[in-house]
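Residue numbers (the working numbering), protein chains in the order written: chain A, 591 to 1043; chain B, 8 to 98.
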């Protein structure tokens, strides 16, 4: 036989006891050819195209999952940033299109559809402004549609006019869904340097450089890394990195295989593997707990950034060798509400908003799924976004903000979002305002690419 | 046509007749066994079988029957395509 029994046992243990899963199979679909000056026609074309291209997605994914014995948690779709096809549509029509996307997602039985998006890191076009105006309502009246907005990039700088608008949009979206704890905000990400092939929500969209349709895959597996580390309590940090690397390799290989099989069966090209370690609220499926296993009493204490940097880099090294095409965000996600260790860190006051910001300098993405007090001002949210965008712009990496100012909630309250989105302790913000800076507007110039210190 | 192979894994408390029952089920379903390896790991009976599933469009009904047999014997029985082990453990 080709394998040893211990190897077979390892795979089975990873799946059955350590929550190894493929987090998402995301089909990217180009909608540019659906643009039409007649809105009704465009609306119909969008629905028809998505439901035709992805009609077998759910079935094929479910069959593959059973055949290989590896769970695939989410089936998703990402589309061309909707702002690019809106043209001269009105705000009401833009909301109508969001409903159409929602209907398509429900018809197909997929979990989320991303791409209700606008890329405005340098300037805002007419269609993009329409989308921004429609965002709060569009995300409130739909269930499965996710939106994202790019407000900055290393090459363009930061569009502070867009950043200012985002503060207001996030507040409005929260207010419109106040009976669901501001749920609409959980489906909205503000990016700096977004990637075009990200399979993870809420920030997935099918970028300009992408083809007609593509399959992108995101793996998960913090639980697997955690239990691998637990077997070596006395390893030094070089060995720790090596253990993480080897584990990431195995996880990624499983993901790549599944991705390729699904792509082949759907007759769609395989795009990329996203190597991100994405936590869930399941027992021991936490990124924070990996950091604690490395040797922190609580995530957020001194040493957190170093441990995270080590882990993030090791995951990439292992994954990069395992897959022919790595892309997406590839790193470690640290969404607060979806990670039991992160939640505990905040409840115990070990982890603060400032430390979370610092952590985003060395891992993928940024301030993710963080509940803020309900009375936080739009300008403060804009300022939080600006800080995070600056980190991304200067460090040439993707950063993002997905915060939920939960209406009526105070610091220390716990908010339930349900399902994969989890629950989060509400965090307070700095009491001093940033109004003047946000009011100024304009564009923060793109940074120098040399003299880098 | 290429051969399609899967691995049947059986894990649980050792008892009389495990191999007999599992192989009987596979024979009834016309599944050819290509290789068997079995050991006792930390008091647990552990068996893995390489089987030919070329004639199966999907493994759902096989998995279901194996799960039922496993339940009646207090064992965990899985069937998975061989490629997943290949991918994870061989470069």
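From the three backbone atoms N, C-alpha and C, an ideal C-beta is built for every residue, glycine too.
Residue i versus chain B: which residues are under 8 Å apart at the beta carbon?
i: residue 843 of chain A; result: 94 and 95
i: residue 840 of chain A; result: 95 and 96
Check whether chain B comes within 8 Å of residue i, counting only Cβ atoms and requiring the distance to be less than that.
i: residue 607 of chain A; result: no
i: residue 658 of chain A; result: yes
i: residue 928 of chain A; result: no
i: residue 593 of chain A; result: yes
i: residue 689 of chain A; result: no
i: residue 820 of chain A; result: no
i: residue 597 of chain A; result: yes
i: residue 653 of chain A; result: yes
How about residue i: is its C-beta nearer than 8 Å to some C-beta of chain A?
i: residue 75 of chain B; result: no
i: residue 46 of chain B; result: yes
i: residue 49 of chain B; result: no
i: residue 53 of chain B; result: yes
Per DSSP, which residues does residue i bridge with? Please list them.
i: residue 915 of chain A; result: None; residue 915 of chain A has no bridge partner.
i: residue 706 of chain A; result: A/737
i: residue 802 of chain A; result: In the DSSP output, where bridge partners are listed per residue, residue 802 of chain A has none listed.
i: residue 44 of chain B; result: B/55
i: residue 782 of chain A; result: A/742 and A/989
i: residue 668 of chain A; result: A/618 and A/704
i: residue 863 of chain A; result: A/807 and A/916
i: residue 1013 of chain A; result: A/1006
i: residue 1034 of chain A; result: A/748
Near residue i, which residues of its chain fall below 6 Å by C-beta distance, leaving aside the five closest residues on each side in sequence?
i: residue 734 of chain A; result: 692, 695, 702 and 703
i: residue 910 of chain A; result: 916
i: residue 813 of chain A; result: 608, 609, 874 and 875
i: residue 604 of chain A; result: 610 and 814
i: residue 986 of chain A; result: 744
i: residue 614 of chain A; result: 664, 666, 789 and 808
i: residue 868 of chain A; result: 613, 810 and 923
i: residue 685 of chain A; result: 724, 727 and 728
i: residue 643 of chain A; result: 619 and 803
Reducing DSSP to helix, strand and coil, say where residue i ends up.
i: residue 20 of chain B; result: strand
i: residue 790 of chain A; result: coil
i: residue 13 of chain B; result: strand
i: residue 661 of chain A; result: coil
i: residue 1007 of chain A; result: coil
i: residue 904 of chain A; result: helix
i: residue 834 of chain A; result: helix
i: residue 88 of chain B; result: strand
i: residue 1020 of chain A; result: coil
i: residue 808 of chain A; result: strand
i: residue 959 of chain A; result: strand
i: residue 1041 of chain A; result: coil
i: residue 754 of chain A; result: helix
i: residue 690 of chain A; result: helix
i: residue 813 of chain A; result: helix
i: residue 981 of chain A; result: helix
i: residue 613 of chain A; result: strand
i: residue 997 of chain A; result: coil
i: residue 1045 of chain A; result: Any answer about residue 1045 of chain A is impossible in this case: the structure gives chain A only from 591 up to 1043.
i: residue 767 of chain A; result: coil
Using a Cβ-Cβ cutoff of less than 7 Å, which residues in the same chain neighbour residue i once the five nearest sequence positions on both sides are dropped?
i: residue 687 of chain A; result: 633, 636 and 672
i: residue 929 of chain A; result: 869, 876, 877 and 878
i: residue 825 of chain A; result: 833
i: residue 746 of chain A; result: 711, 712 and 1036
i: residue 655 of chain A; result: 661 and 662
For a contact defined as C-beta to C-beta under 8 Å, what are the partners of residue i on chain A?
i: residue 66 of chain B; result: 656 and 657
i: residue 35 of chain B; result: Per Cβ cutoff of 8 Å: no residues; residue 35 of chain B is ~21 Å from chain A at best.
i: residue 26 of chain B; result: Those do not exist, as residue 26 of chain B stays about 14 Å from chain A at its closest Cβ, beyond 8 Å.
Looking only at its own chain, which residues have a Cβ that is under 8 Å from the Cβ of residue i, when we skip the five neighbours before and after it?
i: residue 52 of chain B; result: 17, 18, 19, 20, 21, 22, 25, 45 and 82
i: residue 882 of chain A; result: 888, 889 and 931
i: residue 77 of chain B; result: 17, 19, 83 and 84
i: residue 32 of chain B; result: 72, 73 and 76
Whose Cβ in chain A lies nearer than 7 Å to the Cβ of residue i?
i: residue 16 of chain B; result: 598 and 602
i: residue 85 of chain B; result: 602 and 659
i: residue 70 of chain B; result: 656
Output, in chain order, the set of chain A residues within a Cβ distance shorter than 9 Å of residue i.
i: residue 40 of chain B; result: In chain order: nothing, as chain A lies at least about 11 Å away.
Residues of chain B with a CB under 7 Å from the CB of residue i: which are they?
i: residue 847 of chain A; result: 90, 91 and 94
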